[in-house]
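According to mature numbering (1 follows the signal peptide of the UniProt record, and there is no 0), the stretch in the sequence shown is residues -29 to -1, 1 to 293, in order. Read through the structure below, which is laid out as structure tokens, and then see the notes.
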Amino acid sequence: MKQGRVSVRLINTLLAAACIAFTSSALHAKTDALATLFDYQVTRANGEPLRLTQVTAQVADADVVLIGEWHGHPGVHRFQTELLSQLASEHSVALSMEQFSRDAQPVLNQYLAGEIGEDTLKRQANAWDNYDGSYRPLIELAKQRQIEVIAANAPKRLVRCIGQQGLSYLDSLSEQQRSWFADTVDTQDSAYKRKFKANMHHGSASQTDAQYAAQLAWDATMAESIVAYHDSHPNSQIVHVAGRFHVAEGLGTAAQIHARNPELRIALITAVSDQAMLSDDAPDLRLHVLPMPQRWLSMDEMRQAVSQMQGQGDAQCKRVTK
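Structure below.
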């Protein structure tokens, strides 16, 4: 009996040592893979590194793959394009994007069909300022491979107005403008709302509530767009790219998708760095990249930037007279 206990103890010790060695090796491999801002390494929550083919196998059964990005990060955008290319070579896939809004869908379709040039696409579809360096590769891949692209979001100019005036702003919109938003935007208490208020609140409680309503309108609209596409294309996997906060730990867009169709299977892939991680029990695959340069090094820099951004949007939020 004593010998048996020693054997069990020895086995447990060896297993523990093996786990530590594996984790150390995995983390070392992750670190070694990140030499420049163009590099990335996907891992499981335990640090196990995955090759791109293993990532595609991991998400193969998902109806929707959500990729949480840092806007403008070259390593993240490289991964998005390479993953979409790999998935498209294996089965039918559609690309869904936060970066284009519903009103731009006809223009986006024209570009993908070769009917207009890129300059017209960017002007008429209100492409983001970083389109050329960040999203052009995705769109050009979709155009080349005949992948449908979903302009999933609500127009930023109108979402900004919700952030200033609250959800009631939607009631002032014309019928057409209202159709660019999700039918339902439910701002009741949730883990996502608590996370938002803990991380992103500015100003008074009412201002924070309005900002959260804008955030949720974004998530709800993207989710509704994804679910609607799946309903009409049930055999196509949807790859959706959006900001990290919308995706991380399934609290934002994923929760809104499940509220509309609980049966959909969702895979999460979220960008992380040494400066921004996820909770240990988060279901997301980790997309490791080097951190981007800091936007501001002082509170004064940040206040000036926020003041300028707020000034740009103040004059745009006029209520529509029906």
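Just so you know, even glycine gets a beta-carbon here, dropped at the ideal spot from N, CA and C.
{"Item": "Collapsed DSSP secondary structure at N170 in the structure displayed", "Value": "helix"}
{"Item": "Boundaries of the beta strand (DSSP E) in which E40 is found, first to last residue", "Value": "35 to 40"}
{"Item": "Q95 - containing beta strand (DSSP E), residue span", "Value": "Taken as a continuous stretch (DSSP letters only), Q95 belongs to no beta strand (DSSP E), being part of the alpha helix (DSSP H) at 89 to 95."}
{"Item": "Three-state secondary structure assigned by DSSP to N80", "Value": "helix"}
{"Item": "Strand pairing of I240, partner residues [DSSP]", "Value": "I38, L256"}
{"Item": "Stretch-stretch touch, CB-based, cutoff 8 Å, three pairs: the segment 54 to 62 with the segment 220 to 238", "Value": "no"}
{"Item": "Counted within 10 angstroms of its Cβ, other Cβ atoms place Q70 as buried (16 or more) or exposed", "Value": "buried"}
{"Item": "Residues near L256 in its chain [Cβ-Cβ closer than 6 Å; skip 5 each side]", "Value": "V13, I240"}
{"Item": "C-beta contact flag for A230 and A253 at 9 Å", "Value": "no"}
{"Item": "Proximity to G85 [Cα-Cα], best of R131, A113, N101", "Value": "A113"}
{"Item": "Coil, strand or helix - H211 by DSSP", "Value": "strand"}
{"Item": "Extent of the continuous alpha helix (DSSP H) to which E111 belongs", "Value": "107 to 116"}
{"Item": "Span of the beta strand (DSSP E), counted from its first residue to its last, around S193", "Value": "Sequence check: residue 193 is Met here, not Ser. Note, M193: premise wrong, no beta strand (DSSP E); alpha helix (DSSP H) at 176 to 203."}
{"Item": "Any 3 or more C-beta pairs closer than 8 Å across the segment 188 to 205 and the segment 118 to 137", "Value": "yes"}
{"Item": "Same chain only: Cβ atoms within 7 Å of A98, ignoring 5 sequence neighbours per side", "Value": "L92"}
{"Item": "Among M273, P262, V210, the one whose alpha carbon lies nearest that of W41", "Value": "P262"}
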